[in-house]
Each structure stands twice: as C-alpha cells, then as structure tokens.
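Asker:
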Amino acid sequence: MRFLGIIFFLKKEGTFVPSFLIFYFLLCKYTLFKIHIKYNVKILCPNVFYLSFKMTEEHKTYLIALSNIKGLSNRTLNELIKEYKNPKNLFNNFPIEKISAVKKKKIEYQLKSRENILYANNIIRIANEHKISIIGKDDDMYPSLLKECEDHPVYLFVKGNLNPNKKTLISVVGTRDVSSYGTDFCKELASSLKDYDIGIVSGLAYGVDFEIHKRTLDLNISNVGVLGSGIKNIYPSAHQKISNRILENGLLISENTPYAPPVSYNFPKRNRIIAGMTKATIIIESPLKGGSMITAKLANDYNRDVYAVPGNYLNGKSKGCNDLIKNHQAYLLDDPSEIIETLELKKINPNIEKYSSNEYKASFDSKEENIIYNLILDEKEVSFDKILQLTNIHFSALNELLLKMELNSSIKQFPGKIYTL
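Below, the structure written as structure tokens:
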C-alpha cells in the first residue's frame with residue numbers, strides 16, 4: 064500500500080525566509096529520512112514521497128500456505144489473489160464454489176486443517192535463518208517482465224546483491240553436453256557484452272549454462288542463476304562454487320523452498336522464469352528435444368525475442384537451433400556482437416567505473432554512495448543535475464541517497480542543489 068505525501072515550501076533566491084521556516088524545512092527532511100529508515104520510504108523528489116511496505120510475515124505466511132494447496136493451479140491462484148488483494152482474506156474466505164467438484168473436497172479439507180499455515184511458518188523461519196528473501200509481485204525486487212506473464216510465480220525465494228529490474232536481462236541456455244563450438248560461442252558472447260549494462264540469466268546446469276555463467280562472471284558481468292531446486296540445495300552440487308560467485312554481484316532465484324530437491328517437474332517451471340524475466344533468450348546448441356527448446360517456446364509465448372546459434376546439420380546438438388531458425392521461431396545469431404544492436408543495449412557509464420575504482424578511499428553502505436562521494440571529491444562542487452548525468456542513478460534513488468548522506472554529514476548541500484564535501 065502506498066501513501067502519497069507532499070511538502071510545500073518557499074524556495075526563491077533573494078527572498079527573506081524566517082528562521083523558523085528553515086528550521087521547519089530541516090525538521091521535515093530529517094523526519095523523511097527517519098521514516099525512510101523505519102518504513103522503507105522511497106523519496107521521489109525533495110518535496111514528494113511515498114511509503115512502500117514490503118510483504119509482512121503474515122502476508123508471506125498466507126501466500127505460501129495458499130500456494131501449497133494441492134489441486135490449486137498457479138494461474139488460478141494468481142487470479143484469486145488479484146481479486147481478493149489480501150492473501151489472508153482469500154485463505155479465510157476461499158471461494159470454494161469456483162473450484163471444480165473433483166477438487167472441491169480436497170481443497171476444502173486443506174483449508175480447514177491449517178497444516179499449510181504451520182508449513183508456511185516453518186519455511187519462513189528457514190528462509191530468515193539463511194538470509195533468503197521471499198518476495199511477491201508487488202515487491203521492488205520482483206522481476207518486472209515476469210509480472211507480465213499470466214503464469215508468473217506467486218512469490219520467489221531470492222538471495223544476492225542485484226535488483227533484476229536495474230539491468231537489461233538476457234537469458235542464455237543450451238545443451239548440457241556442450242561442444243567446443245558452443246563453448247567458443249559462449250566465450251565470444253561474453254566478450255561482446257562485457258562493456259554493456261546487462262545481466263545474464265541461466266539455469267546453473269551443466270554444459271551451456273555453466274559455460275555462460277563462468278565466462279561472464281570472469282568479465283564481471285552480473286549473473287542470475289534460476290534454480291530447479293532450493294537455494295540451499297544447489298543442483299548440481301558441483302556448481303556450489305559458481306553459485307557463490309553469482310551471489311557476489313548477482314542473484315539466485317528459486318520458486319522452490321530453500322531445501323527443495325531437484326525433482327524433474329521443477330525444471331519446466333524454472334524455465335518459464337528464465338524466459339519470462341528476460342528481454343531475450345539465446346539458445347546455444349540444443350537437440351530437437353530438451354529444456355532449451357521448452358524455454359524457447361515459452362519465450363515465444365511471452366512475446367520475447369528468441370535467438371538461436373546455427374550449427375552443422377550433421378551435429379545432433381545443433382538440430383534444435385537449426386529447427387527454430389528454419390520454422391521462424393528464432394532469429395539466426397551467428398555473430399555475438401549482433402545482439403548489441405538488435406536489443407539496443409546501453410554501455411556501462413564509464414564514470415561509474417571511474418568513481419568505483421580503488422584510487423578512491425570512500426567506504427559507505429552502498430556502491431552508489433561511494434560513487435556519489437568520489438564524484439563530489441573529484442569535482443569539488445557539483446550540481447544535482449550533473450550527478451544525475453554522470454552516475455545514471457535513478458532520479459528518486461539519487462534524491463534518497465543524497466538526503467541520507469547529507470543527514471549523515473558526509474556531504475553538504477548549498478542553494479541551487481549544489482553539493483560539496
């Protein structure tokens with residue numbers, strides 16, 4: 064739920080402003096900052112703010128309890144949540160009349176037994192112990208493109224240091240039995256993308272998944288690993304090390320509970336997340352049948368771009384890709400750099416790298432605060448507009464960060480929104 068508050072104040076150069084108004088303004092700014100810390104305020108501009116509350120424990124409990132009801136499809140649950148708004152209200156006033164006669168008794172029993180509530184509370188406890196977040200579709204961290212899919216997950220388990228909505232996400236998938244041809248293409252693709260503000264999404268499986276994760280991580284490209292198991296049960300277990308690397312500057316996502324096993328029916332569900340949360344999907348080597356072909360179909364169903372790397376027609380590992388191209392289900396991608404132009408990818412702002420470098424000694428809670436501080440240190444004094452231009456930090460986020468740093472006495476603001484140390 065969001066509340067909009069507006070503060071009006073007189074700000075005109077050369078106009079006398081009584082001291083009590085200055086005090087009132089500073090008090091308002093301090094109050095906004097305290098509200099931000101306590102209630103997760105997102106400040107839109109110096110004069111306007113809204114409160115954005117994350118899911119409460121109760122909200123999570125009933126979402127998980129509802130999703131654990133056997134016989135209730137994900138699509139049906141999404142529709143009901145949209146109608147009832149509050150998951151607790153839906154659980155306690157479930158419209159059983161909308162359920163088919165075959166499933167009615169089974170679902171009714173599960174609602175009355177309350178076992179799912181106990182189950183949900185246990186899952187939340189485990190997630191909290193391992194610093195795994197549980198996010199619903201109204202959370203800022205929930206992938207915005209995934210929300211557009213009718214069968215999107217009701218909630219996700221996530222862990223890491225990346226907001227998936229801050230980068231252009233591209234999924235790369237393919238056969239588990241990757242050839243040297245596929246490996247080389249992964250390497251070239253990673254090299255082509257290293258200077259662009261993108262994130263790579265894949266499934267942490269053997270073969271193409273592993274290769275693209277490794278090659279892009281080696282070039283400091285953010286990664287998202289989408290799991291068919293739980294976040295605390297990495298599958299295959301041999302990929303625990305690379306999953307830890309992903310967490311440093313990326314994200315692990317799963318629809319499954321933290322210790323969920325890698326059962327077969329979880330992987331097609333995982334593939335819809337990979338296809339749904341990304342702007343485009345690239346298939347690098349795939350036979351005619353397999354998870355990559357499922358992901359390609361899902362991406363097409365979601366009206367996303369699909370690219371396939373052509374290969375030798377005698378090589379079974381390329382037959383799926385060739386078939387997608389032949390039947391106009393994928394664009395032919397024989398040069399990794401082509402993806403940059405077709406997706407209109409943006410280069411990483413060189414100023415971000417400059418002001419994040421080791422030559423600066425600032426040490427704040429976030430990378431963005433370090434960048435802002437180092438920029439002001441370098442420029443001596445700098446306007447709000449110039450900070451916005453040089454850092455590419457979103458307008459509302461920049462206001463929030465500058466206010467925080469000002470109240471912490473890290474920086475000073477002067478008339479005209481000029482900042483110095």
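Take 64 as the starting number for the sequence shown in the working numbering and just add one per residue. Beta carbons are placed, not taken as given, at the ideal position from N, Cα and C, and that holds for glycine. Everything numeric in this text was worked out from a predicted model, so none of it was measured.
(1) What runs of the beta strand (DSSP E), each 3 residues or longer, lie entirely inside the stretch 190-261?
(2) Just to check my reading of the structure: I456 and E431 have Cβ atoms closer than 8 angstroms, yes? What is that Cβ distance to the nearest angstrom?
(3) Can you name the residues that DSSP bridges to K410?
(4) Find the nearest neighbour of R333 within the set Y218, N375, I132, judged by alpha-carbon distance.
(5) Restricting to Cα atoms, I'd like to know which of S327, P321, A359 is closest to A338.
(6) Evaluate contact between the stretch 301-312 and the stretch 272-291, counting only Cβ atoms and requiring at least three cross-stretch pairs below 8 angstroms.
(7) What residues match up with Y370 in a beta bridge as DSSP calls it?
(8) On the CB-based measure, 16 or more other CB atoms within 10 Å of its CB, does P324 come out buried or exposed?
(9) Give every residue of the same chain whose Cβ lies closer than 6 angstroms to the Cβ of Y125, excluding the five residues on either side of it in the sequence, and list them in chain order.
(10) Any contact of the stretch 221-234 with the stretch 251-267, i.e. 3+ C-beta pairs under 8 angstroms?
(11) Within 10 angstroms of its Cβ, does I474 collect 16 or more other Cβ (buried), or is it exposed?
(12) Per DSSP, G288 forms a beta bridge with which residues?
(13) Could you pull the start and end residues of the beta strand (DSSP E) that E404 belongs to?
(14) Quick check on the DSSP output: the beta strand (DSSP E) that includes S446 runs from which residue to which?
(15) Below 8 angstroms on the Cβ atoms is my contact criterion, and I expect F157 with L181 to pass it. Report the Cβ-Cβ distance as a whole number of Å.
(16) To the nearest angstrom, how far is the alpha carbon of D214 from that of S292?
(17) Roughly how many angstroms lie between the CA atoms of L465 and L135, to the nearest whole one?
(18) So the candidates are R177, A183, T238; which of them puts its Cα closest to the Cα of E121?
(19) Of the choices R278, I336, S243, whose alpha-carbon is the least far from that of S207?
(20) Please report the residue range of the beta strand (DSSP E) in which I159 lies.
(21) Between which residues of its own chain and V241 is the CB-CB distance below 7 angstroms, once the five residues before and five after are set aside?
(22) Check for me: the alpha helix (DSSP H) holding Y172 runs from which residue to which?
(23) Could you check whether L395 and I403 sit closer than 8 angstroms to each other, using their CB atoms as the reference points?
(24) So, under 8 angstroms CB-CB, I144 and I186 are touching, yes? Tell me the CB distance rounded to an integer number of Å.
(25) Helix or strand or just coil, what does DSSP make of K475?
(26) For T279, which option in L252, K295, S300 has the closest C-alpha, if you only look at C-alpha atoms?
(27) Consult DSSP for Y482 and reduce its assignment to one of helix, strand or coil.
(28) Count the other CB atoms, across all protein chains shown, that sit within 10 Å of the CB of V326; report buried if there are 16 or more and exposed otherwise.
(29) Measure the C-alpha to C-alpha separation of H193 and S300 and round it to an integer number of angstroms.
(30) I'd like to know whether the C-beta atoms of K342 and L406 end up nearer to each other than 8 angstroms.
(31) Is it right to say S313 is buried, meaning 16 or more other beta carbons lie within 10 angstroms of its own, or is it exposed?
(32) Which residues bound the alpha helix (DSSP H) around A301?
Answerer: Based on what the coordinates show:
(1) For the beta strand (DSSP E) assignment, the uninterrupted runs of no fewer than 3 residues enclosed by the stretch 190-261 are, from N- to C-terminal side, 196-199, 218-223, 231-237.
(2) Separation of the CB atoms of I456 and E431 is rounded to 6 angstroms, and the pair is thereby assigned contact status at 8 angstroms.
(3) K410 is bridged to Y259.
(4) Looking from the CA of R333, the closest CA among Y218, N375, I132 belongs to Y218.
(5) Checking every option, the nearest Cα to that of A338 belongs to A359.
(6) Short answer: they touch.
(7) According to DSSP, Y370 bridges with I345, Y394.
(8) Counting Cβ neighbours within 10 Å, P324 comes out exposed, since fewer than 16 surround it.
(9) Here the set comprises P150, K151, F154.
(10) With the cut-off at 8 angstroms, the stretch 221-234 and the stretch 251-267 touch.
(11) Counting C-beta atoms within 10 angstroms of its own C-beta, I474 has 16 or more neighbours from the protein chains shown and is therefore classed as buried.
(12) Paired residues: S265, L315.
(13) No beta strand (DSSP E) holds E404; the alpha helix (DSSP H) holding it covers 401-405.
(14) For S446, the uninterrupted beta strand (DSSP E) segment begins and ends at 444-446.
(15) Not a contact, Cβ separation roughly 18 angstroms.
(16) When rounded, the separation of the alpha-carbon atoms in D214 and S292 is 19 angstroms.
(17) The alpha-carbon atoms of L465 and L135 are separated by roughly 47 angstroms.
(18) That would be A183, whose Cα lies nearest to the Cα of E121.
(19) Nearest option by C-alpha distance: I336.
(20) Element bounds for I159: n/a, residue is neither H nor E.
(21) Excluding positions up to five away in sequence, the list reads G270, V271, E274, E348.
(22) Unbroken alpha helix (DSSP H) run through Y172: 164-176.
(23) It is not a contact, given that the beta carbons lie outside the stated cut-off.
(24) With a Cβ gap of about 18 angstroms, I144 and I186 do not count as contacting.
(25) Correct three-state label for K475: strand.
(26) With distances taken between Cα atoms, T279 lies closest to L252.
(27) DSSP places Y482 within a strand segment (E or B) once states are collapsed to three.
(28) So V326 counts as exposed.
(29) Counting only the Cα atoms, S300 lies some 18 angstroms from H193.
(30) One thing to note: K342 has its Cβ within 8 angstroms of the Cβ of L406.
(31) Looking at the sequence provided, one finds Gly at residue 313 rather than Ser. Here G313 is buried: its Cβ has 16 or more other Cβ atoms, across all protein chains shown, within 10 Å.
(32) Here A301 belongs to no alpha helix (DSSP H), and DSSP marks it neither H nor E.
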